[in-house]
Ligand code: ADP
Ligand code: MG
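Residue numbers (this note's numbering): 2 to 248.
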């Protein structure tokens, strides 16, 4: 569904240029959970900004469901982003003067969804993340974990195919981090949304079905827990369970 091919991103820094992503090729399908790890400055956020259509690569190809998204004009790109992608950040990025449900409804306002419909959907999404009784609270009246739940509800309210989270548990303690991770897994399982999480926390990464590691803008390792499970199943049950190869 997401297909990135030979993606490079260079930034101009004074007279020279800095190559942050270097010929990265990778595909993602719907309903995966993916962790992105790597040292500080390895290009994780740059990569996620490109996947999330917030930034364009210097070169490379990127298609979503076969559509070449790099050819889209910026207005079309914004509409595509609004429809397809929900974002979650380390520091929540909630608007401080808006109640929880109004924050959740923001992506719908950009789409000009009628107010009553937006209100209903925002409240339903707050219920889903376990905050039905906090809809009228301001962000300052919520705990860190609750704020991140509001941000997750906002990411989901527009019915996206992809949720991108940049260090979503970076500001939370271990227990609350696990609760947020449980919520991401539930979303992935129940809504069939591709969840991609940048994280420094190996306990979070370990819970993703697919683990991608970047170093200096290059993909240095990838583990696919699903594939490992297939291999284990194959060993246990033998080749008899494999489909017969046509020849
Ligand atoms: P990570 O998220 O893995 O810590 P980033 O993707 O944020 O890494 O950054 C990777 C490198 O790219 C860093 O060296 C950073 O300074 C540089 N970089 C990121 N954005 C820009 C920019 N807009 N202009 C110049 N350099 C940038
Ligand atoms: Mg980063």
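Where a beta carbon is used, it is the ideal one built from N, C-alpha and C, also for glycine.
On the DSSP letters alone, give me the boundaries of the alpha helix (DSSP H) that residue i sits inside.
i	result
residue 334	It is not possible to answer for residue 334, since the shown part of the chain is limited to 2 through 248.
residue 185	175–192
residue 75	75–85
residue 113	Unbroken run through residue 113: none, as it is neither H nor E.
If you draw a straight line from the alpha carbon of residue i to that of residue j, how long is it in whole angstroms?
i	j	result
residue 239	residue 30	For residue 239, the predicted model reports a pLDDT of 38, less than 50, meaning its position is unreliable; a value from the coordinates is still stated below. Rounded to the nearest angstrom, the two C-alpha atoms are 27 angstroms apart.
residue 223	residue 116	44 angstroms
residue 93	residue 26	30 angstroms
residue 236	residue 72	With a pLDDT of 47 at residue 236, under the threshold of 50, the modelled position of this residue cannot be trusted; read the value that follows with caution. In a straight line, the C-alpha of residue 236 is about 45 angstroms away from that of residue 72.
residue 52	residue 85	11 angstroms
residue 95	residue 142	12 angstroms
residue 87	residue 17	34 angstroms
residue 83	residue 98	22 angstroms
residue 135	residue 169	20 angstroms
residue 182	residue 13	36 angstroms
residue 81	residue 160	12 angstroms
residue 187	residue 74	34 angstroms
residue 5	residue 60	11 angstroms
residue 76	residue 112	12 angstroms
Over the uninterrupted beta strand (DSSP E) stretch that includes residue i, give me the two end residues.
i	result
residue 38	34–38
residue 224	219–225
Am I right that residue i and residue j are in contact with their C-beta atoms under 8 angstroms? What's the rounded C-beta distance?
i	j	result
residue 22	residue 8	6 angstroms
residue 2	residue 66	6 angstroms
residue 133	residue 172	With a Cβ gap of about 24 angstroms, residue 133 and residue 172 do not count as contacting.
residue 125	residue 119	Wrong, their Cβ atoms sit about 11 angstroms apart, outside the cutoff.
residue 195	residue 11	27 angstroms between Cβ atoms; not a contact.
residue 164	residue 89	7 angstroms
Looking at chain B, is there any beta carbon in it that lies within less than 7 angstroms of the beta carbon of residue i?
i	result
residue 10	Checking the listed chains, one finds no chain B in this structure; it contains a single protein chain.
Go through its chain and collect everything with a Cβ distance to residue i's Cβ below 6 angstroms, but skip five positions before and after it.
i	result
residue 207	none
residue 24	7, 9
In its own chain, which residues sit with a C-beta less than 7 angstroms from the C-beta of residue i, not counting the 5 before and 5 after it?
i	result
residue 45	37, 39, 199, 215
residue 130	150, 153, 154, 184
residue 193	31, 32
Once you ignore the five residues that flank residue i on each side, which residues in its own chain have a CB closer than 8 angstroms to its CB?
i	result
residue 43	215, 216, 217, 218
residue 47	10, 21, 22, 56, 218
When you compare the stretch 200–214 with the stretch 148–155, are there three or more beta-carbon pairs, one atom per stretch, that lie closer than 8 angstroms? Result no; under three Cβ-Cβ pairs closer than 8 angstroms.
Just checking, does the stretch 102–112 make contact with the stretch 174–181 on the three C-beta pairs under 8 angstroms criterion? no
Would you be able to state if there are at least three C-beta pairs under 8 angstroms between the stretch 194–209 and the stretch 54–63? Taking 8 angstroms as the limit for Cβ pairs, the verdict is that the stretch 194–209 does not touch the stretch 54–63.
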